[in-house]
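S.K.: Chains as they are written, first to last, in our numbering: chain Z, 17 to 219; chain Y, -10 to 256.
Note that CB positions come from ideal geometry on N, CA and C, so glycine has one too.
Predicted model, so just to flag it, every value in this text is computed and none were measured.
Below are the structure tokens for one structure; questions will follow.
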């Protein structure tokens, strides 16, 4: 539970970005391809060199180990990568609630024994979201989480994320090109322009 | 028994074989013809030079000269390690990484063996020190180059996988551990293979040389065993050290994967 606060964040051509996302609030990012939305998200979790001040729950990231910071502020990258053969090897011990998320996204427990290489792109995308949520982040940065999904799966993903956001009271940044989706899930909307400036826009 | 001296004619016959190989590889368009000739010329010139240097050095054994030669050998080995990588670290790291780990392992082991095992007086007697160090460096260099090459190209190819783990809040060490293990394994394999095959498949060069030079076979064999153990330990420690240092330098203080620290090599 806490706010995500970004001050004077700069990375490559992007910024300075100032943004506050309150606990339990979802904001959407849109913008032309190549404007650097993914780079901005990676800069927030300190995965690439950047300048600026980012804090969560009034604790600045510079006062904690980078790994600790990334555990709190969870990023779902646009492309998912898997380092073990089987799906289950990427997950911690699962509780009832988490198995329920699997069910909502159309997976039964068997999925943990599946080989990653045999999963479709859409399956991997949904599994990557589950993997992130099962690691228990306290803020969510989602980079086009429904880009390869059909309408039904998209709705399910939206529901799970919104439920997680409400239950954990966590701030969420959702990157999407789908304007109707942004309207459904987010309360504030931003566009990252080609020149690297983040502008607030009306829905 | 004395060694039968080789004449310049004898060597040019052998050189003819290499030229034949170069011509054949040009005909097959392997793109190696020029490299083979250059390498062969380098072998000839370098060995002739070292022959002269050793002759002078043996005549007046002085510690400073032995150490100077050792440093020259190490510097060249360090350069070779860097040049053999497809992607090496930029700046001083690229050179220093391999050189430092070879220095620590090869020099320590060579001096240790000279003092504690062979017990030669003084320990820097060039007839012992230079060949021992040369054999150590030659093999260690291969091991370190293989390990670092695997490490850097592994990190490059698997950046997505490494970053996916960092994103979930893993430390850099577990995120890169599989690549580190693989890199050390690759560096050690040639040495393990040559220990396993020694005497059955291959007669090691040093032992063969001693036997050709008239030493009793059992003495030559004992020295060869000693050398094999030294090389195994030296290669192993240097590969581990270089890989560990290299893996560390792939990440910065905020545990970011910094592939921008690598530059394209020529190899």
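Just list the alpha helix (DSSP H) runs in the stretch 55 to 100 of chain Y, keeping only unbroken ones of 4 residues or longer that don't cross its boundaries, in chain order.
M.R.: 80 to 91
S.K.: Name the DSSP bridge partner or partners of residue 53/Z?
M.R.: Per DSSP, none; premise fails for residue 53/Z.
S.K.: For residue 61/Z, which residues in chain Y fall below 8 Å Cβ to Cβ?
M.R.: 156
S.K.: Go ahead and label residue 201/Y buried or exposed: buried means 16 or more other beta carbons lie within 10 angstroms of its beta carbon, across all protein chains shown.
M.R.: With fewer than 16 other beta carbons inside 10 angstroms of its own, residue 201/Y counts as exposed.
S.K.: Any Cβ of chain Z within less than 9 Å of the Cβ of residue 153/Y?
M.R.: The C-beta of residue 153/Y comes closer than 9 Å to at least one C-beta of chain Z.
S.K.: Is it the case that the Cβ atoms of residue 260/Y and residue 254/Y are separated by a distance below 9 Å?
M.R.: Because chain Y spans -10 through 256 in this model, residue 260/Y falls outside it and cannot be assessed.
S.K.: Run through chain Z and tell me which residues come within less than 8 Å of residue 93/Y, C-beta to C-beta.
M.R.: Near residue 93/Y there are no residues of chain Z at all, since even the closest Cβ is about 29 Å away, more than 8 Å.
S.K.: Enumerated in chain order, which unbroken segments of the alpha helix (DSSP H) with a length of 4 residues or greater are wholly contained in the stretch 59 to 143 of chain Z?
M.R.: 82 to 88, 112 to 120
S.K.: With residue 234/Y and residue 145/Y assumed to form a contact (beta carbons below 8 Å), what rounded beta-carbon distance in angstroms separates them?
M.R.: Residue 234/Y to residue 145/Y, Cβ: 18 Å. No contact.
S.K.: Let me check understanding here. Comparing Cα to Cα, which of 88/Y, 164/Y, 56/Y, 58/Y lies closest to residue 69/Y?
M.R.: Distances from the CA of residue 69/Y to each of 88/Y, 164/Y, 56/Y, 58/Y were compared; the closest alpha carbon is that of 88/Y.
S.K.: I'd like to know whether the C-beta of residue 237/Y is nearer than 9 Å to at least one C-beta of chain Z.
M.R.: no
S.K.: Give the single residue among 152/Z, 101/Z, 23/Z whose Cα lies nearest to the Cα of residue 185/Z.
M.R.: 152/Z
S.K.: Do you know whose CA, among 125/Z, 66/Z, 67/Z, 61/Z, lies nearest residue 81/Z's CA?
M.R.: Checked all of 125/Z, 66/Z, 67/Z, 61/Z; the closest Cα to residue 81/Z is 61/Z.
S.K.: To the nearest angstrom, report how far apart residue 151/Y and residue 163/Y are at their CA atoms.
M.R.: 9 Å
S.K.: Considering only the alpha carbon of each residue, which of 124/Z, 157/Z, 161/Z, 169/Z lies closest to residue 20/Z?
M.R.: 157/Z
S.K.: Under 9 Å, CB to CB, which of the residues in the stretch 120 to 136 of chain Y have a partner in chain Z?
M.R.: none
S.K.: Return the CA-CA distance between residue 86/Y and residue 127/Y, expressed in angstroms with no decimal places.
M.R.: Each residue's alpha carbon lies about 17 Å from the other.
S.K.: Cα-Cα, which of 170/Y, 238/Y, 241/Y, 155/Y is closest to residue 84/Z?
M.R.: Selected option, being the one with the closest Cα: 155/Y.
S.K.: To the nearest angstrom, how far is the alpha carbon of residue 169/Y from that of residue 113/Z?
M.R.: As the crow flies, the alpha-carbon of residue 169/Y is around 36 Å from that of residue 113/Z.
S.K.: Is it buried or exposed for residue 17/Y, if we count other Cβ within 10 angstroms and need 16 for buried?
M.R.: exposed
S.K.: Below 9 Å between beta carbons: does that hold for residue 44/Z and residue 176/Z?
M.R.: Not a contact, by the Cβ cut-off of 9 Å.
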